[in-house]
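Trainee:
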Amino acid sequence: MAVTKKYPSIKTSILVDGVTLEEYDDDEARTSSNTVTKYIEAISGAEFAIQCRFDKLPEYDVRIDFYLDGHYATAKYAMLDDFEGRSSTKTSYGVRSNDGHKWQVHNYAFSNLHTVDSDGRPVANRLMKDLKHMGEITVRLHYVINPRPSRSAKPSPRVSSLKDVPEKALKGRALTHQTMFRAPKPTLASKVVTTDYVDPRKIPFTTFNFKYRSRHALKALMIVPRSPSPAPLEDRDIDTLTPEEMRQLLRRQREGGQAPQAVKQEQRVKQEQGVKRERTRGRSSATYDFDSDDEVSFVSAKLRRHPIVIGEDGAETIDLT
């Protein structure tokens, strides 16, 4: 739950299916003692609720204003008379409307923000204004007094989902979703009240901001740690490998087995081109062989013994034939 430093007893969160979404710090947001900003993960099509919990009795009645993508959605009141002891919880699931005959509720939901390649045309000012606070859920709390019934009808919420947003209109912002209202459903009647602000300037005494993005965008922004790289197949337990991983591992081993064989063959060739020596009883001669790699091989050869013939006069003659 998001908490401000100045009002730690007031906690606000976003829920999906009754479970509080995990919150991540926004290191680049402007912080103050009465304002807090968090990132949350948006899932396309998921309905969400906004919950505000008080763990301490406030000084006055509190008006809770809810804004979606910069547009006012609805408000709830935490009246002092509603507190059970020192605590109270207010949850907004959607916008209620009344046409004078029946009450309906339009639940909140996340929706994809579809972007298209930019063309040469300039971006409309209205679109730029709508995108200024796109991807944000804001909760503002005001101290109020003099609650009294109101008979004014509550019209249906304005549906303004954006379609085909040019990429250049985002100006590099990692926007992936927008909020939307579900089709209306019948609901119980609500009590409509009006109040006066304690602060005549109508400045909230505390504010909660939630920036919602896809998980992929949160990782790209380094808000959520990236998934660790999987361990190499060679280091994993063989019983945990899938059939496809087993085949891939086998291919790697076969390819890896060819490299040592090639190395051995190359070493054998070099040995054959190396120095060969053969000891002989006589003198030896050497032949220098220059191959294409300019390497020198020394090949030893045994000298053949030639016959000696002794003539009648006792002279020795060597037959070289």
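Take the sequence shown: its letter number 212 is residue 212 in UniProt numbering, and every next letter is one higher.
Think of the CB as a built atom: it goes at the ideal place given N, C-alpha and C, for glycine as much as any other residue.
Here the structure is a predicted model, which means the values were calculated and not measured.
Under 6 angstroms Cβ to Cβ from Lys219, same chain only, skipping five residues before and after it: list those, please.
Mentor: In the sequence shown, counting from the first residue as 1, residue 219 sits at position 219. Excluding positions up to five away in sequence, the list reads Arg226.
Trainee: Out of Tyr77, Thr242, Gly94 and Glu234, which one is the CA nearest neighbour of Met180?
Mentor: Walking along the sequence shown from the start, residue 180 turns up at place 180. Taking only the C-alpha atoms, the option nearest Met180 is Gly94.
Trainee: Please say whether His177 and Asn112 have beta carbons closer to each other than 8 angstroms?
Mentor: For the purposes of this step, residue 112 is taken as the residue at position 112 of the sequence shown. For the purposes of this step, residue 177 is taken as the residue at position 177 of the sequence shown. Yes, the pair counts as a contact, with Cβ atoms nearer than the cut-off.
Trainee: For the beta strand (DSSP E) containing Leu68, list its first residue and its last residue.
Mentor: As a first step, residue 68 is located in the sequence shown; it is residue number 68 there, counting from the start. Unbroken beta strand (DSSP E) run through Leu68: Asp61 to Leu68.
Trainee: How many angstroms separate the CA atom of Arg182 from the CA atom of Tyr108?
Mentor: Walking along the sequence shown from the start, residue 182 turns up at place 182. Walking along the sequence shown from the start, residue 108 turns up at place 108. For Arg182 and Tyr108, the distance between alpha carbons rounds to 6 angstroms.
Trainee: Quick one: what does DSSP say Asp25 is sitting in, helix, strand or coil?
Mentor: Taking the first residue of the sequence shown as position 1, residue 25 is located at position 25. If DSSP states are grouped into helix, strand and coil, Asp25 belongs with the strands.
Trainee: From Ile147 to Lys76, what distance separates their C-alpha atoms?
Mentor: Within the sequence shown, residue 147 is the residue found at index 147, counting from 1. Within the sequence shown, residue 76 is the residue found at index 76, counting from 1. The sequence given here places Pro at residue 147; Ile does not occur at that position. Computed Cα separation, rounded: 12 angstroms.
Trainee: With three or more beta-carbon pairs closer than 8 angstroms as the criterion, would you say the region 44–62 touches the region 77–90?
Mentor: Touching, per the Cβ criterion.
Trainee: Going by DSSP, what residue range makes up the beta strand (DSSP E) through Ala49?
Mentor: The residue labelled residue 49 in the question sits at position 49 within the sequence shown. Per DSSP, Ala49 belongs to the beta strand (DSSP E) from Glu47 to Phe54.
Trainee: Please confirm whether Glu23 and Ile10 have their CB atoms less than 8 angstroms apart.
Mentor: Here residue 23 corresponds to residue number 23 of the sequence shown, with the count starting at 1. Here residue 10 corresponds to residue number 10 of the sequence shown, with the count starting at 1. No. Outside cutoff.
Trainee: Confirm, please, whether the CB-CB distance from Ala2 to Ser13 is below 8 angstroms.
Mentor: One-based indexing of the sequence shown puts residue 13 at position 13. One-based indexing of the sequence shown puts residue 2 at position 2. Their beta carbons are under 8 angstroms apart, which means Ser13 touches Ala2 by this criterion.
Trainee: State the CB to CB distance for the pair Arg213 and Ala42, rounded to an integer number of angstroms; the pair is presumed to be in contact (CB under 8 angstroms).
Mentor: Here the question's residue 213 lines up with position 213 in the sequence shown. Here the question's residue 42 lines up with position 42 in the sequence shown. Yes, Arg213 and Ala42 are in contact; Cβ-Cβ is about 6 angstroms, under 8 angstroms.
Trainee: Classify Gly100: buried if its beta carbon has 16 or more other beta carbons within 10 angstroms, exposed otherwise.
Mentor: Along the sequence shown, read from residue 1 onward, the residue named residue 100 stands at position 100. Exposed, because fewer than 16 other Cβ atoms sit within 10 Å of the Cβ of Gly100.
Trainee: How would you write the range of the beta strand (DSSP E) that Leu15 sits in, first residue to last?
Mentor: To locate residue 15, count along the sequence shown from 1; it is residue 15. Note, Leu15: beta strand (DSSP E), Ile10 to Val16.
Trainee: Going by Cα to Cα distance, which pick from Leu80, Leu57 and Arg140 is closest to Thr4?
Mentor: Sequence index remark: in the sequence shown, residue 4 carries index 4 (1-based). When each option's Cα is compared against that of Thr4, the closest is Arg140.
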